[in-house]
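K.L.:
Pasting a structure below so you can have a look.
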Amino acid sequence: MDLRLSLPLGEVTGKLEALRAWGVGLEVYLDPERLEDDALFHALGQALAEGPPTSVHLPFWNLDLLSPDPEVRGLTLRRLLFGLERAAELGVDRAVFHSGIPHGRTPEEAEARGERLAESLKPVVRRARALGIRLLLENTHEPGPEALRPVLEAYPEALGFCFDAAHARVFSHTPEPEPWLALNPEHLHLNDTDGVYDRHWNLGRGVLNHARWLPPFLGRPLVLEVREDPQPSLDLLRRGLDLPLTRGR
1 MDLRLSLPLG
11 EVTGKLEALR
21 AWGVGLEVYL
31 DPERLEDDAL
41 FHALGQALAE
51 GPPTSVHLPF
61 WNLDLLSPDP
71 EVRGLTLRRL
81 LFGLERAAEL
91 GVDRAVFHSG
101 IPHGRTPEEA
111 EARGERLAES
121 LKPVVRRARA
131 LGIRLLLENT
141 HEPGPEALRP
151 VLEAYPEALG
161 FCFDAAHARV
171 FSHTPEPEPW
181 LALNPEHLHL
191 NDTDGVYDRH
201 WNLGRGVLNH
211 ARWLPPFLGR
221 PLVLEVREDP
231 QPSLDLLRRG
241 LDLPLTRGR
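The sequence shown maps to residues 1 to 249 in the UniProt record's numbering.
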């Protein structure tokens with residue numbers, strides 16, 4: 001089972017021993033505040049060279065390739081391209097990114113972005129291909145999966161889908177996993193939620209009932225995005241989620 005723990009860039013070095021003890025890989029969030037720290041990336045590249053499977057999450061805060069502000073569009077492209085260069089320095093083979101869609105867009109507005117986003121992604125896809133990195137588009141504030149389909153279909157050989165069930169429940173108008181799972185995710189971000197806020201709780205603590213829909217995807221990379229001791233989630237996943245999940249705090 002390919003289990004990974006999501007950590008921000010600045011916390012990775014201090015958690016490497018814990019990752020080994022948990023027997024999990026890593027997904028590094030490329031925090032823009034540390035993105036230009038050459039010494040940090042050099043040290044991490046060496047530390048991860050013989051380590052577990054590693055992916056990255058590219059920067060996303062305040063970024064949008066389709067922003068009406070040309071400065072934001074330019075910044076977004078530079079951040080994504082530089083993030084890919086840093087990802088290559090860490091020796092990863094996959095990188096997750098967000099579409100940048102603002103919250104509250106109508107289904108029509110969201111779907112209309114698809115072809116435009118696919119066009120704007122061309123330099124990012126080209127660079128990722130050259131570096132041997134598979135891009136994974138994660139659902140965030142899209143109202144439904146149809147907003148992502150045109151982008152995924154534009155680059156079937158270079159772009160896959162990363163599913164986050166908590167984002168679907170909290171931010172979208174398509175809260176159940178099944179319509180999103182029809183996009184065939186090859187990478188999943190896992191945590192639990194109360195259904196109102198993106199809590200990043202351990203699995204079984206909230207309302208997402210992973211035991212109902214996750215088992216067919218247990219053979220794919222599973223990234224825990226939890227803000228607490230991940231051991232309860234790791235135990236559930238390694239048991240195959242075969243027991244009822246206990247809700248509550």
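By construction, the Cβ of each residue, glycine as well, lies at the ideal position given by its N, Cα and C atoms.
Computed from a predicted model, the values in this text were never measured in an experiment.
Between which residues of its own chain and V124 is the CB-CB distance below 6 Å, once the five residues before and five after are set aside?
P.N.:
Looking up residue 124 in the sequence shown gives position 124. Result list for V124: L80, in chain order.
K.L.:
Nearest-angstrom Cα distance between A118 and E89?
P.N.:
Counted from its first residue, the sequence shown places residue 118 at position 118. Counted from its first residue, the sequence shown places residue 89 at position 89. Straight through space, the alpha carbons of E89 and A118 are spaced by roughly 26 Å.
K.L.:
Between which two residues does the beta strand (DSSP E) harbouring P8 extend?
P.N.:
The residue labelled residue 8 in the question sits at position 8 within the sequence shown. In the DSSP annotation of this structure, the continuous segment of the beta strand (DSSP E) that includes P8 starts and ends at L3 to P8.
K.L.:
Would you list, in sequence order, the uninterrupted beta strand (DSSP E) runs of no fewer than 3 residues that lie entirely inside the stretch 157–214?
P.N.:
159–164 and 187–190
K.L.:
Along the alpha helix (DSSP H) that carries H103, what are the first and last residues, could you check?
P.N.:
Here residue 103 corresponds to residue number 103 of the sequence shown, with the count starting at 1. Taken as a continuous stretch (DSSP letters only), H103 belongs to no alpha helix (DSSP H), as it is neither H nor E.
K.L.:
Should P215 and G240 be called a contact, given that it needs their Cβ atoms to be closer than 8 Å?
P.N.:
Mapped onto the sequence shown, residue 215 falls at position 215. Mapped onto the sequence shown, residue 240 falls at position 240. Cβ distance < 8 Å, so P215 and G240 count as in contact.
K.L.:
Quick one: using the 10 Å Cβ neighbour count with 16 as the cut-off for buried, is G248 buried or exposed?
P.N.:
Counting from one through the sequence shown, the residue named residue 248 turns up at place 248. Residue confidence is low: G248 scores 38 on pLDDT, short of 50, so the model does not pin down where it sits. Its coordinate-derived value is still stated next. Flag for G248 reads exposed.
K.L.:
Please name the residue, chosen from T76, A110 and V170, that lies closest to P150 on a Cα-to-Cα basis.
P.N.:
Against the sequence shown, residue 150 aligns to sequence position 150. Among T76, A110 and V170, the Cα nearest to that of P150 belongs to A110.
K.L.:
From Y29 to P8, what distance separates their C-alpha atoms?
P.N.:
Indexing the sequence shown from 1 puts residue 29 at position 29. Indexing the sequence shown from 1 puts residue 8 at position 8. If I take the Cα positions, the gap works out to 5 Å.
K.L.:
Assuming A95 is part of the beta strand (DSSP E), what are its boundary residues?
P.N.:
Walking along the sequence shown from the start, residue 95 turns up at place 95. Run containing A95: R94 to H98, per the beta strand (DSSP E) assignment.
K.L.:
Determine the extent of the alpha helix (DSSP H) in which V125 is found, giving its start and end residues.
P.N.:
By one-based count along the sequence shown, residue 125 stands at place 125. Run containing V125: K122 to L131, per the alpha helix (DSSP H) assignment.
K.L.:
When you compare each of H187, E115, R126 and R129 to N139 by their alpha carbons, which one comes out closest?
P.N.:
For the purposes of this step, residue 139 is taken as residue 139 along the sequence shown, with counting starting at 1. Restricting attention to H187, E115, R126 and R129, the CA atom closest to the CA of N139 is found in H187.
K.L.:
Quick check on the DSSP output: the beta strand (DSSP E) that includes E27 runs from which residue to which?
P.N.:
Here the question's residue 27 lines up with position 27 in the sequence shown. Unbroken beta strand (DSSP E) run through E27: G25 to Y29.
K.L.:
Determine the direct distance from the alpha carbon of P230 to that of V196, and round the result to whole angstroms.
P.N.:
For the purposes of this step, residue 196 is taken as the residue at position 196 of the sequence shown. For the purposes of this step, residue 230 is taken as the residue at position 230 of the sequence shown. Their backbone Cα atoms lie some 21 Å apart in a straight line.
K.L.:
Taking just the CA atoms, how far does H189 sit from S6?
P.N.:
On the sequence shown, residue 6 is found 6 positions in, with the first residue counted as 1. On the sequence shown, residue 189 is found 189 positions in, with the first residue counted as 1. Taking the straight line joining both Cα atoms gives about 9 Å.
K.L.:
Whose CA, out of H167, S172 and H42, lies closest to the CA of N191?
P.N.:
As a working note, residue 191 is residue 191 in the sequence shown. For the residues H167, S172 and H42, the minimum Cα distance to N191 belongs to H167.
K.L.:
Any idea what DSSP makes of R238, helix, strand or coil?
P.N.:
Within the sequence shown, numbered from 1, the residue matching residue 238 stands at position 238. Note: R238 maps to helix in three-state DSSP.
K.L.:
Pull up the distance between the alpha-carbon of L245 and that of R86, whole angstroms please.
P.N.:
As a first step, residue 245 is located in the sequence shown; it is residue number 245 there, counting from the start. As a first step, residue 86 is located in the sequence shown; it is residue number 86 there, counting from the start. For L245, the predicted structure reports a pLDDT of 43, less than 50, and the residue's modelled location is therefore unreliable. A value from the coordinates is still provided. When rounded, the distance between both Cα atoms is 38 Å.
K.L.:
Quick check: P221 and R4, are their CB atoms within less than 8 Å of each other?
P.N.:
In the sequence shown, counting from the first residue as 1, residue 221 sits at position 221. In the sequence shown, counting from the first residue as 1, residue 4 sits at position 4. Closer than 8 Å, so yes.
K.L.:
Taking 7 Å as the cut-off, does the CB of Q46 come closer than this to any heavy atom belonging to the ligand ATP?
P.N.:
Summarising the ligand content, the structure contains no ligands, and the ligand ATP is consequently not present.
K.L.:
Among the residues of its own chain, which have a CB less than 8 Å from the CB of L16, if the five just before and after it don't count?
P.N.:
Counting from one through the sequence shown, the residue named residue 16 turns up at place 16. Counting only Cβ-Cβ distances below 8 Å, and skipping sequence neighbours, we find A47 and G51.
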